[in-house]
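Number of protein chains: 2
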Amino acid sequence: MRTVTIADVARRAGVAVSTVSYVLSGKRAISATTTQRVMDSVRALGYHPNAGARALASKRSNVIALVLPLRAGMHLPVLMRFATSVVTTARQFDHDVLLMTADEGPDGLRRVAASALVDGLVLMDVEIHDPRVPLLREMGEPSVLIGFPADPSGLTCVDLDFTRAGAVCAEHLAALGHREIALLGAPRVVYRRGTGYAERTMEGFLEGGRVGGLTTVAWPCEEGFDEVSATVASLLERHPGLSGLVVHNEAAVGHVLGALRALGRRVPEDVSVVAICPDDVAERASPPLTSVPIPADDVGRQAVRLLMTKLEGGTVPDSTLLEPHVTIRQSTRPRAADPAPG
Amino acid sequence: MRTVTIADVARRAGVAVSTVSYVLSGKRAISATTTQRVMDSVRALGYHPNAGARALASKRSNVIALVLPLRAGMHLPVLMRFATSVVTTARQFDHDVLLMTADEGPDGLRRVAASALVDGLVLMDVEIHDPRVPLLREMGEPSVLIGFPADPSGLTCVDLDFTRAGAVCAEHLAALGHREIALLGAPRVVYRRGTGYAERTMEGFLEGGRVGGLTTVAWPCEEGFDEVSATVASLLERHPGLSGLVVHNEAAVGHVLGALRALGRRVPEDVSVVAICPDDVAERASPPLTSVPIPADDVGRQAVRLLMTKLEGGTVPDSTLLEPHVTIRQSTRPRAADPAPG
DNA sequence: GCGGGGTGTCGAAGCGCTTCGACAAGCTAC
DNA sequence: GTAGCTTGTCGAAGCGCTTCGACACCCCGC
Chain A
0 MRTVTIADVA
10 RRAGVAVSTV
20 SYVLSGKRAI
30 SATTTQRVMD
40 SVRALGYHPN
50 AGARALASKR
60 SNVIALVLPL
70 RAGMHLPVLM
80 RFATSVVTTA
90 RQFDHDVLLM
100 TADEGPDGLR
110 RVAASALVDG
120 LVLMDVEIHD
130 PRVPLLREMG
140 EPSVLIGFPA
150 DPSGLTCVDL
160 DFTRAGAVCA
170 EHLAALGHRE
180 IALLGAPRVV
190 YRRGTGYAER
200 TMEGFLEGGR
210 VGGLTTVAWP
220 CEEGFDEVSA
230 TVASLLERHP
240 GLSGLVVHNE
250 AAVGHVLGAL
260 RALGRRVPED
270 VSVVAICPDD
280 VAERASPPLT
290 SVPIPADDVG
300 RQAVRLLMTK
310 LEGGTVPDST
320 LLEPHVTIRQ
330 STRPRAADPA
340 PG
Chain B
0 MRTVTIADVA
10 RRAGVAVSTV
20 SYVLSGKRAI
30 SATTTQRVMD
40 SVRALGYHPN
50 AGARALASKR
60 SNVIALVLPL
70 RAGMHLPVLM
80 RFATSVVTTA
90 RQFDHDVLLM
100 TADEGPDGLR
110 RVAASALVDG
120 LVLMDVEIHD
130 PRVPLLREMG
140 EPSVLIGFPA
150 DPSGLTCVDL
160 DFTRAGAVCA
170 EHLAALGHRE
180 IALLGAPRVV
190 YRRGTGYAER
200 TMEGFLEGGR
210 VGGLTTVAWP
220 CEEGFDEVSA
230 TVASLLERHP
240 GLSGLVVHNE
250 AAVGHVLGAL
260 RALGRRVPED
270 VSVVAICPDD
280 VAERASPPLT
290 SVPIPADDVG
300 RQAVRLLMTK
310 LEGGTVPDST
320 LLEPHVTIRQ
330 STRPRAADPA
340 PG
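As you go down the protein sequences, you meet chains A and B in turn. Note that my numbering gives residue 174 to position 175 of the first sequence, counting from 1, and the numbers run on in steps of one. Note that my numbering gives residue 334 to position 335 of the second sequence, counting from 1, and the numbers run on in steps of one.
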């Protein structure tokens, strides 16, 4: 069973090869009757253009690369959601997605670009000082970054507006009447690495609290159960009036709840908890957590759309920030009235 | 900056284009000095073969497809681990990975195969009655399945040996002196769907318990906190002597622990718990769980190796089962002595 | 009735690579 | 010395597609 080529389609339809090509691409006007005959032929033969030949002749592979970092501490489910949303959106633009991991290093990017395997790149989880960024500028390959490097100028970056996310959490707690709130963030190493989103969340949280006239404090938070317990315990000890907690650390969320329970603080009766985390984590916690989810689908979709615009020669904004939203579940409630004095 | 072609490399090295090709592919003997000159030229020019041209001429794209299901209830982190292990292994064989999701349906498989976009397929999370399976047989495209359909004959399938996994859990508990144990499995719908691994785990568990002379019981388990609580409560009520629990349901694991706690049963003092789940889930639970992890890396690696063997014309076994292993953490311990009578 | 401006279609020239057959040169064995 | 191998290299023919320029043909206006 030889594979069907465009010549077979043309022969069967009684037209030239180029005519078939034009029918399929729409790049020249073709009469309705010819179009009809060609399309019938295509369907009858089950024709699919050979990707290699097409790429060779047109200089477009109709494939984009999705570059995953896979550094330690990445949250896999979110990554996966990004990935599927990127694939789905790319297919809507008639593109496929090549999956790359960072362990091939920058050479991998060079390779796929130089070999014309892909038309453009979507890079996930970009850091403040990301080694891929200078390479990207140098290669001049169309690309979109998910996350923000230190200097995004001349690049195209998409992400959740983490500054707003931090602020929105503080605002939610403020609106419920809480006066003293804390942020439990990522492990110290994440801040040291300069991951951007962690810092931005913290800034937004502190600023949001300040604007609302609240007392705020922000601590990093390691991920083991014992560390989390110790952190939570000393936090409550130093801030006895604390009644609102924002947790921006998926791995620690469960332990935080466990620690609070162990310390005799009920959620949400004694302490309201807001998490910045994927929905599945928030939903599986007990009680289910009020949270600001990371809109992985939107981010992925946006990233691909921007890339497609660039591939078609359009211009796009350097930076696209998505607005965060609070999903209210069962871990937050208005602050309990102060116990009557005396 | 025009892209570098094989002709440029040949000119600079003072040889014919075909010679460069043979140096790069190793398909004909080339003298050491010529090889040297060519490789110098390749490096000096930063040459990367054009993927499309290569695919067109050689009829091999050096790309494999990774087909994700994305059905509801899939555990994303494990999927992601499979995916990265597939990518890493594929690169070792000089192949790239095209990421496909099932929402394009079977046509997607047809498309990538017919367009020669990929040389072969790795399909994840195959079900007992998977619609992709007949299509696969029909297309005759080289492929490897992760998971087992009802009739794996003529296909190549890889997976964890779930029957053994269930048995191994029972054996571990038996070795610790437990006499009455239960399996909390997947939600009812998963069994109804005929997912294979769920049934096989259950069978292995029951058989393993039987061989060890234990009293065993296996229940499905829904995933919400309230359902889990109710299930655990009625399980303990009906089986007061129960001291060992196997949980094969990642989403429910946390809730099971919460429910036991709420019922005043300590883990592991009163009840030993073994989970069949990814390591990250087991590690994040409190206490960290003794578990049988799903060796996603191994499975992914095996799948790609098998596919590569097939692509090179080799023959491979229809079925490859990976041996499960118990990772001991803090949720299991020898059964407490029966309280002294009277 | 004829020039001019669409329309619709065709043929052919590549795109950059692999691979086949040919062949020159250097061996070996007698 | 020569027949018969190897070994190393080359030229050319595609692979299946896109795209450019050419060219009929038809309809319009004058």
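In this text, a Cβ means the ideal position worked out from N, Cα and C, and glycines have one as well.
{"Query": "Name the DSSP beta bridge partners of Gly243 (chain A), please?", "Result": "A:Ile180, A:Ser271"}
{"Query": "Is it buried or exposed for Pro130 (chain A), if we count other Cβ within 10 angstroms and need 16 for buried?", "Result": "exposed"}
{"Query": "Which chain A residues sit within Cβ distance under 8 Å of Ala185 (chain B)?", "Result": "What Ala185 (chain B) touches in chain A: nothing, since even the nearest Cβ is about 15 Å away."}
{"Query": "Got a sec: is the Cβ-Cβ distance from Asn248 (chain B) to anything in chain A below 8 Å?", "Result": "no"}
{"Query": "Would the region 211-219 of chain B count as touching the region 160-173 of chain B if we require 3 or more Cβ pairs under 8 Å?", "Result": "yes"}
{"Query": "Could you list which residues in chain B have their beta carbon closer than 7 Å to that of Asp95 (chain A), in chain order?", "Result": "Leu97, Leu116"}
{"Query": "Are the region 269-277 of chain B and the region 133-143 of chain B in contact at 8 Å, needing three or more beta carbon pairs?", "Result": "no"}
{"Query": "Where does the unbroken beta strand (DSSP E) through Ile63 (chain A) begin, and where does it stop?", "Result": "62-67"}
{"Query": "Measuring CA to CA, which of B:Ser30, B:Pro76, B:Leu120 is closest to Ala64 (chain B)?", "Result": "B:Leu120"}
{"Query": "Am I right that Cys220 (chain B) and Val227 (chain B) are in contact with their C-beta atoms under 8 Å? What's the rounded C-beta distance?", "Result": "6 Å"}
{"Query": "Measure the alpha-carbon distance for Leu288 (chain B) versus Gly207 (chain A) and round it to whole angstroms.", "Result": "39 Å"}
{"Query": "Spell out whether any CB of chain B is found under 8 Å from the CB atom of Glu137 (chain A).", "Result": "no"}
{"Query": "Helix, strand or coil: which one does DSSP assign to Ile293 (chain B)?", "Result": "coil"}
{"Query": "Does the beta carbon of Gly207 (chain A) come closer than 8 Å to any beta carbon on chain B?", "Result": "no"}
{"Query": "Have a look at Ala15 (chain B) and Leu55 (chain A) and give me their C-alpha separation to the nearest angstrom.", "Result": "21 Å"}
{"Query": "For Asp296 (chain A), which option in A:Val86, A:Asp124, A:Ala335, A:Phe81 has the closest C-alpha, if you only look at C-alpha atoms?", "Result": "A:Phe81"}
{"Query": "Note down the Cα distance separating Pro133 (chain B) from Asp317 (chain B), rounded to an integer number of angstroms.", "Result": "16 Å"}
{"Query": "If we count the other Cβ atoms within 10 Å of its Cβ and call it buried at 16 or more, is Gln301 (chain B) buried or exposed?", "Result": "buried"}
{"Query": "Taking Cβ-Cβ distances shorter than 7 Å, what residues in chain B pair up with Gly51 (chain A)?", "Result": "Gly51, Ala54, Leu55, Ser60, Ala115"}
{"Query": "Are the C-beta atoms of Gly341 (chain A) and some chain B residue less than 8 Å apart?", "Result": "At Gly341 (chain A), the pLDDT of 42 sits below 50, so the modelled position is not reliable; the number obtained from the coordinates is stated separately. Chain B, which has no Cβ nearer than 8 Å to the Cβ of Gly341 (chain A), makes this no."}
{"Query": "Note down, in chain order, every chain B residue with its Cβ under 7 Å from the Cβ of Pro82 (chain A).", "Result": "Per the sequence shown, residue 82 (chain A) should be read as Ala rather than Pro. In chain order: Leu98."}
{"Query": "What residues are listed by DSSP as bridge partners for Cys276 (chain A)?", "Result": "Per DSSP, none; premise fails for Cys276 (chain A)."}
{"Query": "Using a beta-carbon distance below 8 Å, is Gly146 (chain A) in contact with chain B?", "Result": "no"}
{"Query": "Less than 8 Å between CB atoms is the rule here; does Met79 (chain B) satisfy it with respect to chain A?", "Result": "yes"}
{"Query": "Under 8 Å between beta-carbons, which chain A residues line up against Ser285 (chain B)? List them in chain order, please.", "Result": "Phe224, Gly253, His254, Gly257"}
{"Query": "From what residue to what residue does the beta strand (DSSP E) around Asp95 (chain B) run?", "Result": "95-100"}
{"Query": "When the cut-off is 8 Å and only beta carbons count, does Glu353 (chain A) lie next to chain B?", "Result": "Any answer about residue 353 (chain A) is impossible in this case: the structure gives chain A only from 0 up to 341."}
{"Query": "Of all the CB atoms in chain B, is at least one closer than 8 Å to the CB of Arg110 (chain A)?", "Result": "yes"}
{"Query": "Over what stretch of residues does the alpha helix (DSSP H) that includes Asp39 (chain B) continue unbroken?", "Result": "31-44"}
{"Query": "Report the residue from A:Val62, A:Ala258, A:Ala31, A:Leu78 whose alpha carbon sits nearest the alpha carbon of Leu116 (chain A).", "Result": "A:Val62"}
{"Query": "Can at least three beta-carbon pairs, one atom from the region 17-31 of chain B and one from the region 24-34 of chain A, be found at a separation below 8 Å?", "Result": "no"}
{"Query": "Out of B:Gln35, B:Thr87, B:Arg59, which has the shortest C-alpha to C-alpha gap to Val303 (chain B)?", "Result": "B:Thr87"}
{"Query": "Are Val291 (chain B) and Val246 (chain B) closer than 8 Å when you measure CB to CB?", "Result": "no"}
{"Query": "At a CB-CB cut-off below 7 Å, which residues of chain B make contact with Arg90 (chain A)?", "Result": "Glu103"}
{"Query": "Name the two residues that bound the continuous beta strand (DSSP E) containing Ala217 (chain B).", "Result": "214-218"}
{"Query": "Quick check: the region 147-166 of chain A against the region 189-203 of chain A, are there 3 or more CB pairs under 8 Å?", "Result": "yes"}
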